[in-house]
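Residue numbers (my numbering), protein chains in the order written: chain W, 449 to 547; chain Y, 449 to 547; chain L, 449 to 547. Idealized CB from N, CA, C, for every residue including glycine. Below is one structure, written out as structure tokens, with a few remarks after it.
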Amino acid sequence: MSTEFHCITVISERLLKDDLIQLMKKEGAKGFSITDSVGEGSRGIHASDWEGRNVKIESIVHGETAKRIMEQVAEHYFEDYAVIAYSYPVSVVREEKFK
Amino acid sequence: MSTEFHCITVISERLLKDDLIQLMKKEGAKGFSITDSVGEGSRGIHASDWEGRNVKIESIVHGETAKRIMEQVAEHYFEDYAVIAYSYPVSVVREEKFK
Amino acid sequence: MSTEFHCITVISERLLKDDLIQLMKKEGAKGFSITDSVGEGSRGIHASDWEGRNVKIESIVHGETAKRIMEQVAEHYFEDYAVIAYSYPVSVVREEKFK
Chain W
449 MSTEFHCITV ISERLLKDDL IQLMKKEGAK GFSITDSVGE GSRGIHASDW EGRNVKIESI
509 VHGETAKRIM EQVAEHYFED YAVIAYSYPV SVVREEKFK
Chain Y
449 MSTEFHCITV ISERLLKDDL IQLMKKEGAK GFSITDSVGE GSRGIHASDW EGRNVKIESI
509 VHGETAKRIM EQVAEHYFED YAVIAYSYPV SVVREEKFK
Chain L
449 MSTEFHCITV ISERLLKDDL IQLMKKEGAK GFSITDSVGE GSRGIHASDW EGRNVKIESI
509 VHGETAKRIM EQVAEHYFED YAVIAYSYPV SVVREEKFK
């Protein structure tokens, strides 16, 4: 088993979905799992409280790719949008499937 | 990057959604991602087999907050409801967003 | 708290849902959380690009069970289907609930 991969997770307002997937692809993500969710609460310094339809985008990527995606998402979207991003290491088998 | 945060995940029958979010807010969770799911299988000592509409509530919180939420959920709901809770450490950037 | 458990996650085309749950049960998984999602991207060596309705199946199991499920899923489905599987360690309370 390999543990060099991370699950990068980005949760945002739905209007950002295509932009975020494009950003993630540019940084090296290949496949995505996209789930509808509902967000509730306040997040970020500037974002006001919100409750609304969100999208959760997940991708299995190299740890370094996950870090770059998080940095890019933070730089471009954290100030003005209700977006969060986090990653965690995962074990996979047959890692060539994810490359 | 910071790794002091955890993703706390609580999956339950939907009727508990508001109660669980209130419990999690009381323990310090600020923002939530809520996803509809379907549960299948037997869980817990007293819960009988079930298959039904569930809700998955996720929040990024400090590790200590995650532990308190799990303890509270177990104490109040494990005996009588089909509920599970687990947490795992996540990496985030710009951690002030989560405080 | 116990950390001997993993969240095993299998994401696939929906037509495989029942087969995958049966496989996971056979390897020891007891309860499942099943979420609809949308897949986008290319995965695997043989699978062509696809975008479509997927299902995400999650279960909290022993680490060894997670590994066996991943091996089984890879052996039976990776070549011919758009399927991914990964696992990660989680903390739980009252671990007897998961046994």
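*If we count the other Cβ atoms within 10 Å of its Cβ and call it buried at 16 or more, is Arg501 of chain Y buried or exposed?*
For the purposes of this step, residue 501 of chain Y is taken as the residue at position 53 of the second sequence. With fewer than 16 Cβ atoms within 10 Å of its Cβ, Arg501 of chain Y is classed as exposed.
*Helix, strand or coil for Phe453 of chain W per DSSP?*
Here residue 453 of chain W refers to the residue found at position 5 of the first sequence. Strand at Phe453 of chain W.
*Taking only beta-carbon atoms, is Val469 of chain W less than 7 angstroms away from chain Y?*
Indexing the first sequence from 1 puts residue 469 of chain W at position 21. According to the sequence provided, residue 469 of chain W is Ile. The question's Val does not apply to it. Chain Y, which has no Cβ nearer than 7 angstroms to the Cβ of Ile469 of chain W, makes this no.
*DSSP-derived helix/strand/coil call for Ile459 of chain Y*: Your numbering for residue 459 of chain Y matches position 11 in the second sequence. In this structure, Ile459 of chain Y counts as strand in the three-state DSSP scheme.
*Between the C-alpha atoms of Ser481 of chain Y and Tyr525 of chain W, what's the straight-line distance to the nearest angstrom?*
Looking up residue 481 of chain Y in the second sequence gives position 33. Looking up residue 525 of chain W in the first sequence gives position 77. Spanning the two alpha carbons is a distance of roughly 18 angstroms.
*Name, please, each residue of chain L whose Cβ falls closer than 9 angstroms to the Cβ of Met472 of chain Y.*
The residue you call residue 472 of chain Y lines up with position 24 of the second sequence. Ordered by position in chain L, no residue passes the 9 angstroms Cβ test against Met472 of chain Y, which lies about 15 angstroms from the chain.
*Going along the region 514-526 of chain Y in order, which residues come within less than 7 angstroms of chain L, judged by CB to CB distance?*
Lys515, Met518, Glu519, Ala522 and Phe526
*Any contact of the region 518-535 of chain L with the region 517-534 of chain Y, i.e. 3+ C-beta pairs under 8 angstroms?*
no
*Kindly list the residues whose CB is nearer than 7 angstroms to the CB of Tyr536 of chain L, restricted to its own chain and excluding five residues on each side of it in sequence; keep chain order.*
Indexing the third sequence from 1 puts residue 536 of chain L at position 88. Correct list, in chain order: His454 and Cys455.
*Separation of Ile505 of chain Y from Gly489 of chain W, as counted between CA atoms*: Here residue 489 of chain W refers to the residue found at position 41 of the first sequence. Here residue 505 of chain Y refers to the residue found at position 57 of the second sequence. Computed Cα separation, rounded: 12 angstroms.
*asked:* Strictly under 7 angstroms for the Cβ-Cβ distance: is Ala495 of chain L near chain W by that measure?
replied: To locate residue 495 of chain L, count along the third sequence from 1; it is residue 47. In this predicted model, Ala495 of chain L has a pLDDT of only 41, less than 50, meaning its place in the structure is not dependable; the value taken from the coordinates is given anyway. It does not: the Cβ of Ala495 of chain L has no partner Cβ on chain W nearer than 7 angstroms.
*Do we get a CB-CB distance below 7 angstroms when we pair Ser535 of chain L with the residues of chain Y?*
As a first step, residue 535 of chain L must be located in the third sequence, where it is residue number 87. No, Ser535 of chain L does not count as interfacial toward chain Y.
*Taking Asp528 of chain W as part of the beta strand (DSSP E), name the residues at either end of that continuous run.*
Within the first sequence, numbered from 1, the residue matching residue 528 of chain W stands at position 80. It is not in any beta strand (DSSP E) - Asp528 of chain W carries neither H nor E in the DSSP assignment.
*Take the Cβ of Glu544 of chain Y as the centre, count every other Cβ of all protein chains shown within 10 Å, and call the residue buried at 16 or more, exposed below.*
Here residue 544 of chain Y refers to the residue found at position 96 of the second sequence. Glu544 of chain Y is exposed by the Cβ-count criterion.
*Determine the contact status of Val503 of chain L and Arg462 of chain L, defining contact as a CB-CB distance below 7 angstroms.*
Residue mapping note: residue 503 of chain L aligns to position 55 of the third sequence, counting from 1. Residue mapping note: residue 462 of chain L aligns to position 14 of the third sequence, counting from 1. Yes, they are a contact pair.
_First and last residue of the uninterrupted beta strand (DSSP E) at Gly487 of chain Y_ = As a first step, residue 487 of chain Y must be located in the second sequence, where it is residue number 39. Gly487 of chain Y -> beta strand (DSSP E) spans Gly479 to Gly489.
_Nearest-angstrom Cα separation, counted from Ala530 of chain L out to Ala477 of chain L_ = The residue labelled residue 477 of chain L in the question sits at position 29 within the third sequence. The residue labelled residue 530 of chain L in the question sits at position 82 within the third sequence. Cα to Cα, the separation comes out at about 22 angstroms.
*Excluding sequence positions up to five away, which residues of its chain have a Cβ less than 8 angstroms from the Cβ of Ile471 of chain L?*
By 1-based counting over the third sequence, the position of residue 471 of chain L is 23. The amino acid at residue 471 of chain L is misidentified as Ile; the sequence shows Leu. Closer than 8 angstroms at the Cβ level, and outside the excluded window around Leu471 of chain L, lie Ile517, Gln520, Val521 and His524.
*Helix, strand or coil: how does DSSP classify Arg542 of chain Y here?*
Along the second sequence, read from residue 1 onward, the residue named residue 542 of chain Y stands at position 94. Note: Arg542 of chain Y maps to coil in three-state DSSP.
_Glu506 of chain L (DSSP reduced to helix, strand or coil)_ = In the third sequence, the residue the question calls residue 506 of chain L occupies position 58. Three-state result, Glu506 of chain L: strand.
*So what's Val511 of chain L in DSSP terms, helix, strand or just coil?*
Residue mapping note: residue 511 of chain L aligns to position 63 of the third sequence, counting from 1. First, the residue type needs correcting, since residue 511 of chain L is Gly and not Val in the sequence shown. Three-state DSSP puts Gly511 of chain L in a helix.
_Integer Cβ distance of Val538 of chain L from Tyr534 of chain Y, believed to fall under 8 angstroms_ = Position 90 of the third sequence, counted from the first residue, corresponds to residue 538 of chain L. Position 86 of the second sequence, counted from the first residue, corresponds to residue 534 of chain Y. Indeed, because the Cβ distance is near 4 angstroms, the residues count as touching under 8 angstroms.
*How many Å lie between Thr483 of chain Y and Asp466 of chain W at the Cα?*
Counting from 1 along the second sequence, the entry for residue 483 of chain Y is found at position 35. Counting from 1 along the first sequence, the entry for residue 466 of chain W is found at position 18. Going from the Cα of Thr483 of chain Y to the Cα of Asp466 of chain W covers about 20 angstroms.
_So Lys504 of chain L contacts chain W; which residues on that side make the cut at Cβ distance below 9 angstroms?_
Residue numbering aside, residue 504 of chain L sits at position 56 when the third sequence is read from its first letter. Within chain W, the residues near Lys504 of chain L are Ser481, Thr483 and Glu506.
*Work out the CA separation of Leu468 of chain L and Ser485 of chain W for me, nearest whole Å.*
By 1-based counting over the first sequence, the position of residue 485 of chain W is 37. By 1-based counting over the third sequence, the position of residue 468 of chain L is 20. Straight-line Cα distance between these residues: approximately 24 angstroms.
*Gly500 of chain Y bridges to which residues according to DSSP?*
Translated into positions along the second sequence, residue 500 of chain Y becomes position 52. In the DSSP output, where bridge partners are listed per residue, Gly500 of chain Y has Y:Gly487.
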